[in-house]
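Notes follow the structure.
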Amino acid sequence: MALVTTERLEIVPLSDGEMLALTAGESDPEMRQAYTEMRELALSHPENRLWYTAWQMRLRKTHEAVGDLCFKGLSPEGMVEIGYGMTPAFEGRGLMTEAVKAMVLWASRQPGVREIQAETDPGNLASQRVLEKAGFRPNGVTGEEGPRFTWQP
44 MALVTTERLE IVPLSDGEML ALTAGESDPE MRQAYTEMRE LALSHPENRL
94 WYTAWQMRLR KTHEAVGDLC FKGLSPEGMV EIGYGMTPAF EGRGLMTEAV
144 KAMVLWASRQ PGVREIQAET DPGNLASQRV LEKAGFRPNG VTGEEGPRFT
194 WQP
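Letter by letter, the sequence shown follows residues 44 to 196 in the working numbering.
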């Protein structure tokens, strides 16, 4: 099993059963749909499931879940996109920046990965700060959700 650790976090990919439970427990219809699509893609691409499943962020000391992140597949050109969300009670502690930094380093070392991108809502300044602190820079492209960023190693 893949596991990424940081000073305060352990980040683990969810199994298909854990994805099903995550989906069932999600009250936001948009997120429930996203988790459903992620699980279906992980099931249909078992050889690349780490690029489709959710990765849960847990505090190393207590194993309490504090958020999750994901990649949105690996394109034939070698691009992966990272997405993430934090449980509100844990925001403002630098945990998301810590997790994103660790996961982009992990992703950059995987075979076939040439580029890592992210996209955020134009008004989500906190998310944009996370990306900038993690080494992402605006790339001048606007996607479906808003400005896109590219990781600069």
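Where a beta carbon is used, it is the ideal one built from N, C-alpha and C, also for glycine.
Have a look at residue i and residue j and give me their C-alpha separation to the nearest angstrom.
i	j	result
residue 74	residue 55	19 Å
residue 78	residue 106	21 Å
residue 148	residue 70	32 Å
residue 59	residue 91	13 Å
residue 169	residue 133	13 Å
residue 57	residue 108	12 Å
Anyone know if the C-beta pair for residue i and residue j falls short of 7 Å?
i	j	result
residue 63	residue 100	no
residue 150	residue 123	yes
residue 94	residue 117	yes
residue 180	residue 121	no
residue 197	residue 81	The question about residue 197 has no answer here: the residues shown for the chain are numbered 44 through 196.
residue 22	residue 189	This structure cannot speak to residue 22, because the chain is shown only from 44 to 196.
Taking 6 Å as the cut-off, does the CB of residue i come closer than this to any heavy atom belonging to the ligand GTP?
i	result
residue 139	As presented, the structure is devoid of all ligands, the ligand GTP included, so that no description of it is given.
Rounded to the nearest angstrom, how far is the Cβ of residue i from that of residue j, given a contact under 8 Å?
i	j	result
residue 112	residue 98	5 Å
residue 178	residue 196	7 Å
Excluding the five sequence neighbours on either side, which residues of its own chain have a C-beta within less than 6 Å of the C-beta of residue i, listed in chain order?
i	result
residue 126	113
Which same chain residues, not among the five before or five after residue i, have their C-beta less than 7 Å away from its C-beta?
i	result
residue 88	95
- Message: For the pair the stretch 167-175 and the stretch 134-143, tell me if three or more CB-CB distances fall below 8 Å.
- Response: yes
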